[in-house]
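Below is one structure; the comments refer to it alone.
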Amino acid sequence: MVWEDVYNGIERDIPIEVYVKPNQINNVPASMVHVKQIAAFFEESLGTYPFNRIGYVVTSKGCMEHTDNIAIVSSVVDGTTDNEEYIAHELSHMWSGNLVTCAEAGDMWLNEGFAQFWGVFYEVGVYGEKHFQNTMSAKVNSVNNWCNSSSNWIPLNNMPLDLTYNTILVYERGAVIVNTMMNYMGRENFLAAMRQYFQQYAYQTATSELLCNALTDYSGIDMHGFFDTYVYSSGMPHPYATIAEVTPVGGQYAVTLDLRYQHIGDDHIGQHNRYEVTFIGPEFQLATEMVEWDGLQATATVTLDFEPVGIINDFNNNWLDGRTQSNMMLKSTSQQNFGNFRMEATSLTDSVLIAIENHLVGPYDDPQIPNLNMSTKHFWTVNRYDFGDAEVTGMIDFTNTSENDIIHSENDSATLMYRRNASEAWHEIAYTLYPGSTWKHGRFVFDNLQSGEYAIAVWDKAALGTEEHHASESRMQVFPNPTESQVSVSWNGVTDGQIRIIGADGKELKRIGFTHADSVNISTSDLPKGCCTVLRLGKDGSVLSTEKLIIK
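Sequence positions in the sequence shown follow the numbering used here and run 89 to 640.
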């Protein structure tokens, strides 16, 4: 039987025909309730509908984007909108796949990756922006985790024939990369360029290279760096921005950012890197900026109307960027989990926002502490904002499976490292181990969860002795910081020991011994400008505390 309707398109009326078995005819209106809205949204976004009718034919197996007669599996027409994404996905193929199709199977992402994206993007027009963002955020987290496995490191183009229809490798990852592309270009630029692409190459074939050149020409944004990073390279990038310095300028603030780049699964070094960062103000003001740089490390300065108290990379979780992310609101004392990072408010008068990023790379700026090995696999960034008074306990789980790069035997004593931001050196913080913790698995429990970066490390007990090493009860003070010619290093208690200054390349710049002292003054005029690490060693050579120092 056939169910018929008419969609009043931009340029003409387009018939809608849905062919189903007789026992399904009454299900069609409810399952196709949004088909006109979907078609209207696609026409607005991608250009006028290019074929004769919007036609669907129910089949017993699978979906296929036949022009004018889209095959959809019977379960889609069940009287609900639970499988509406298939209706949208297949309809979007009238542009991505039928109007312009990939020249070779190796570029199947041009058909299926885009259709998988359009099959989520339609939610903007039907359910609203927030619904789309939530759906896409879940996909982004899933694909970032999936891309972190070495077995999945394969470029998006030139796909081997047996993998061209791989659901995650081509469809889901393709959709997330298209979403990343849209945010890299800006939504209006991206959609305008896609409309021109569909118009110019209508009823022709395309390649990744052709699309790259077309988007560059139509938008004025050089897309070659993006395609080199996301399409032609395996693995995925990890761009990362942190606040290095904030300087008042009149009634505004100049914020200097430290920009970093790593690539998981490839030796590629990103060029034309663009990334979205959001600054948080003291009254929860939010300001989002796009930063750009080339290579592994750079700095950039943005001007804000408020003094930032934090920075969140990719606040809306839109990018394939080697990290998973969640913005969680603690409104009760119930525990909230994000992977193996747990948060629990033990008391609160209002709510607490915890924006947490799980970076799928090792922490930047290894402090080079003897006999201490930092994780090479992951670290976390936490931004906390209280809307009242609250006490929040943090918990991080570790196992010799998840930390198999650093935990190998009972000689490896796991510890928790922390720093407030990139201007501070990594150091241990006070914690307790959850009852039952062993060297193989355990849980760090620490009071007063703070904004900053957290990482797991291990002490080599065979080198240091059998005693457990925890955070020093006294923190070292380094002043002034930044410095030009001299720095004072002080701590609580009169002790014997040494001060070592380590350069960014891990080489020792200076070593000062002291006896029966609680401070030393050190000349820095002969040291190179830049960032270095100050270590205080005990009489036995063990590291007691570390701090970052900037020499101007």
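No residue lacks a Cβ here, since even glycine has one placed at the ideal position from N, Cα and C.
Ends of the alpha helix (DSSP H) at residue i?
{"i": "Gly213", "result": "Glu211 to Val214"}
{"i": "Met282", "result": "Arg275 to Gln288"}
{"i": "Ser307", "result": "Ser296 to Ser307"}
{"i": "Met224", "result": "Glu217 to Cys235"}
{"i": "Ser180", "result": "Glu172 to Ser180"}
{"i": "Ser414", "result": "It is not in any alpha helix (DSSP H) - Ser414 instead sits in the beta strand (DSSP E) that spans Arg411 to Leu418."}
{"i": "Val116", "result": "Val116 to Ser119"}
Helix, strand or coil for residue i per DSSP?
{"i": "Gln125", "result": "helix"}
{"i": "Gly601", "result": "strand"}
{"i": "Phe372", "result": "coil"}
{"i": "Ser321", "result": "coil"}
{"i": "Lys636", "result": "strand"}
{"i": "Leu514", "result": "Residue identity check: residue 514 is Trp in the sequence provided, not Leu. In the structure shown, Trp514 sits in coil (DSSP, three-state: anything other than H, G, I, E or B)."}
{"i": "Ile242", "result": "coil"}
{"i": "Pro327", "result": "strand"}
{"i": "Val631", "result": "strand"}
{"i": "Trp527", "result": "coil"}
{"i": "His447", "result": "strand"}
{"i": "Ser562", "result": "Here Ser562 scores only 48 on pLDDT, less than 50, and its place in the model should not be relied on; the value that follows carries that caveat. Coil."}
{"i": "Phe315", "result": "helix"}
{"i": "His557", "result": "Its pLDDT being 47, under 50, His557 is placed unreliably in this model, and the coordinates cannot settle the point."}
{"i": "Ala592", "result": "coil"}
{"i": "Thr489", "result": "coil"}
Quick one: Cα of residue i to Cα of residue j, how far?
{"i": "Arg508", "j": "Asp355", "result": "30 Å"}
{"i": "Val337", "j": "Val123", "result": "53 Å"}
{"i": "Glu377", "j": "Ser238", "result": "32 Å"}
{"i": "Ser439", "j": "Ala294", "result": "51 Å"}
{"i": "Ser148", "j": "Lys109", "result": "11 Å"}
{"i": "Asn236", "j": "Tyr289", "result": "35 Å"}
{"i": "Glu173", "j": "Ala263", "result": "13 Å"}
{"i": "Asn499", "j": "Thr487", "result": "14 Å"}
{"i": "Trp241", "j": "Ser322", "result": "5 Å"}
{"i": "Glu635", "j": "Asn406", "result": "34 Å"}
{"i": "Ser511", "j": "Pro396", "result": "15 Å"}
{"i": "Ser162", "j": "Ala176", "result": "15 Å"}
{"i": "Gly629", "j": "Gln586", "result": "8 Å"}
{"i": "Val214", "j": "Gln565", "result": "56 Å"}
{"i": "Tyr363", "j": "Ile331", "result": "14 Å"}
{"i": "Trp527", "j": "Phe567", "result": "37 Å"}
{"i": "Gly167", "j": "Gln112", "result": "8 Å"}
List the endpoints of the continuous beta strand (DSSP E) containing residue i.
{"i": "Met505", "result": "Asp500 to Arg507"}
{"i": "Val165", "result": "No beta strand (DSSP E) contains Val165, which DSSP labels as neither H nor E."}
{"i": "Cys190", "result": "Val188 to Cys190"}
{"i": "Val397", "result": "Run containing Val397: none; DSSP gives neither H nor E here."}
Residues bridged to residue i by DSSP?
{"i": "Asp474", "result": "Val440"}
{"i": "Ala545", "result": "Met462 and Thr503"}
{"i": "Glu364", "result": "Met378"}
{"i": "Ser576", "result": "Phe567 and Asn609"}
{"i": "Ile142", "result": "Ile104"}
{"i": "Glu333", "result": "Thr344"}
{"i": "Ala388", "result": "Leu345"}
{"i": "Gln350", "result": "His326"}
I think residue i touches residue j, with their Cβ atoms under 8 Å apart; what is that distance to the nearest whole Å?
{"i": "Ile600", "j": "Ile610", "result": "6 Å"}
{"i": "Tyr542", "j": "Leu408", "result": "Actually they are not in contact, since the Cβ atoms of Tyr542 and Leu408 sit about 23 Å apart, beyond 8 Å."}
{"i": "Thr387", "j": "Leu345", "result": "6 Å"}
{"i": "Met196", "j": "Thr252", "result": "4 Å"}
{"i": "Asp584", "j": "Asn459", "result": "Not a contact, Cβ separation roughly 20 Å."}
{"i": "Asp156", "j": "Asn140", "result": "5 Å"}
{"i": "Gly313", "j": "Gly358", "result": "7 Å"}
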